[in-house]
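All you need for this note's numbering is the position in the sequence shown, starting with 1, plus 565. Built from N, CA and C at the ideal position, the CB exists for glycine as well.
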Amino acid sequence: MIHQSRGTGVGNWELNRIASYTAGTITTSHALINTYTDSGASQAQVRVLKQYSAVTIDSGQTYTTKSWDKNVGGILAFFCNGETTITGNISASNKGYLGWTIYVAYTGEGTVGDSIESFSQNGSGGGGAAADNSSGGGGHATAGGNGNGSGQTGQGGATSGNAELTSLTFGGAAGAIDATIYGVNGGGIICIFSRKITITGTIANAGQNGSGDVENGAGGGAGGAILLKGKEIVLGSVLVTAAAGTGATGSTTKGGDGSVGRIHADYSTSISGSTTPTIDSTQDSTITDSTTAFFQFL
Numbered sequence: 566m567i568h569q570s571r572g573t574g575v576g577n578w579e580l581n582r583i584a585s586y587t588a589g590t591i592t593t594s595h596a597l598i599n600t601y602t603d604s605g606a607s608q609a610q611v612r613v614l615k616q617y618s619a620v621t622i623d624s625g626q627t628y629t630t631k632s633w634d635k636n637v638g639g640i641l642a643f644f645c646n647g648e649t650t651i652t653g654n655i656s657a658s659n660k661g662y663l664g665w666t667i668y669v670a671y672t673g674e675g676t677v678g679d680s681i682e683s684f685s686q687n688g689s690g691g692g693g694a695a696a697d698n699s700s701g702g703g704g705h706a707t708a709g710g711n712g713n714g715s716g717q718t719g720q721g722g723a724t725s726g727n728a729e730l731t732s733l734t735f736g737g738a739a740g741a742i743d744a745t746i747y748g749v750n751g752g753g754i755i756c757i758f759s760r761k762i763t764i765t766g767t768i769a770n771a772g773q774n775g776s777g778d779v780e781n782g783a784g785g786g787a788g789g790a791i792l793l794k795g796k797e798i799v800l801g802s803v804l805v806t807a808a809a810g811t812g813a814t815g816s817t818t819k820g821g822d823g824s825v826g827r828i829h830a831d832y833s834t835s836i837s838g839s840t841t842p843t844i845d846s847t848q849d850s851t852i853t854d855s856t857t858a859f860f861q862f863l
């Protein structure tokens with residue numbers, strides 16, 4: 566899986582087969598669809614996906630991923646040519662774009678690049694705020710909420726990605742508050758490619774809640790992205806979530822809430838159940854045992 570995680574072309578991704586590998590160089594079997602840039606504000610990554618005949622996440626267990634570190638991470642994805650059964654938990658909550666962890670009025674990290682000292686949005690990252698004010702929430706499916714207060718408050722982050730998740734982004738991080746409060750993280754990315762997916766546990770990909778004190782309220786991070794592809798998908802009742810992080814409240818300020826994330830499914834036979842936010846789904850007759858674009862790599 567090749568993914569443009571930040572900067573130019575952010576959200577572009579595709580699947581390919583590795584034909585050969587030497588240190589520092591991957592040769593793919595097929596020409597790339599997109600152009601990827603890994604320099605400065607623009608950061609791309611390659612994730613080698615595990616391939617299974619069956620996957621079971623047992624009750625009481627949590628399968629998670631390495632946090633995004635401004636270079637790699639934040640993505641949990643795998644192939645399964647049988648059934649994926651989730652009775653435990655899968656989570657990428659707080660694993661996406663990063664909040665600023667120094668007491669300066671910096672934005673959250675967002676789609677356009679790393680945190681900067683600004684009250685304005687940073688792509689999907691929420692704006693920072695002056696002391697005794699509130700910062701902006703991270704954006705994703707919607708814009709993040711603006712901070713409020715009597716002075717310099719932070720602007721909410723912008724929307725990113727799309728409903729079909731053909732453009733796939735992390736949840737935007739929230740801004741920090743000068744000399745007072747750190748920013749917080751957005752959600753990561755979860756992709757499950759499996760012939761059948763049955764969920765009786767949870768899949769969670771939330772943004773982080775903001776923190777506050779007597780005078781200050783920091784914004785919340787945005788929920789991340791969840792993509793499910795399979796012939797048959799059984800979601801259960803509100804077991805799959807990509808919740809917004811809540812902005813914190815000070816005595817006279819309220820940090821901007823983060824946006825909810827995005828949830829999408831492509832299926833060929835059936836889909837049932839509900840999610841929060843409401844899932845966007847597409848029936849795709851090309852998803853079969855032998856001809857599906859992602860199953861062909863198994």
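According to the Cβ coordinates, are residue i and residue j closer than 8 Å?
i           : j           : result
residue 826 : residue 728 : no
residue 879 : residue 669 : With the chain represented from 566 up to 863, any question about residue 879 goes unanswered, as that position is not in the structure.
residue 686 : residue 661 : no
residue 623 : residue 590 : no
residue 567 : residue 614 : no
residue 572 : residue 616 : no
residue 748 : residue 783 : yes
residue 684 : residue 737 : no
residue 777 : residue 739 : no
residue 846 : residue 830 : yes
residue 647 : residue 680 : no
residue 803 : residue 840 : yes
residue 745 : residue 774 : no
residue 659 : residue 576 : no
residue 788 : residue 820 : no
residue 650 : residue 641 : no
residue 734 : residue 790 : yes
residue 805 : residue 828 : yes
residue 794 : residue 836 : no
residue 655 : residue 755 : yes
residue 750 : residue 726 : no
residue 700 : residue 693 : yes
If you run the structure through DSSP and keep just helix, strand and coil, what is residue i?
i           : result
residue 730 : coil
residue 865 : For residue 865 there is no data in the structure shown, the boundaries of the chain being 566 and 863.
residue 690 : strand
residue 674 : coil
residue 569 : strand
residue 804 : strand
residue 856 : Residue placement at residue 856 cannot be trusted, given a pLDDT of 47 that sits under 50; the coordinates are not used to answer.
residue 863 : Note that residue 863 has pLDDT 40, beneath the 50 cutoff, so the model's placement of it is unreliable and the number below is only indicative. Residue 863 falls in the coil class under three-state DSSP.
residue 790 : strand
residue 745 : coil
residue 699 : strand
residue 736 : coil
residue 837 : strand
residue 827 : strand
Sort out for me which residues DSSP pairs residue i with in a bridge.
i           : result
residue 777 : 782
residue 848 : 832
residue 761 : 648, 797
residue 628 : 655
residue 754 : 640, 790
residue 635 : BP columns for residue 635 are empty, so no partner.
residue 767 : 654
residue 814 : 819
I'd like to confirm something about residue i: is its beta-carbon nearer than 7 Å to some heavy atom of the ligand GTP, or not?
i           : result
residue 738 : The ligand GTP is not part of the structure shown, which contains no ligands of any sort.
Item checked: In chain order, each beta strand (DSSP E) run of at least 3 residues that lies wholly inside the segment 577-625 -> 583-587, 590-593, 608-611, 615-617, 620-622
Margin query: Does the contact criterion of 3 or more C-beta pairs under 8 Å hold for the segment 709-716 versus the segment 763-771?
Written below: no
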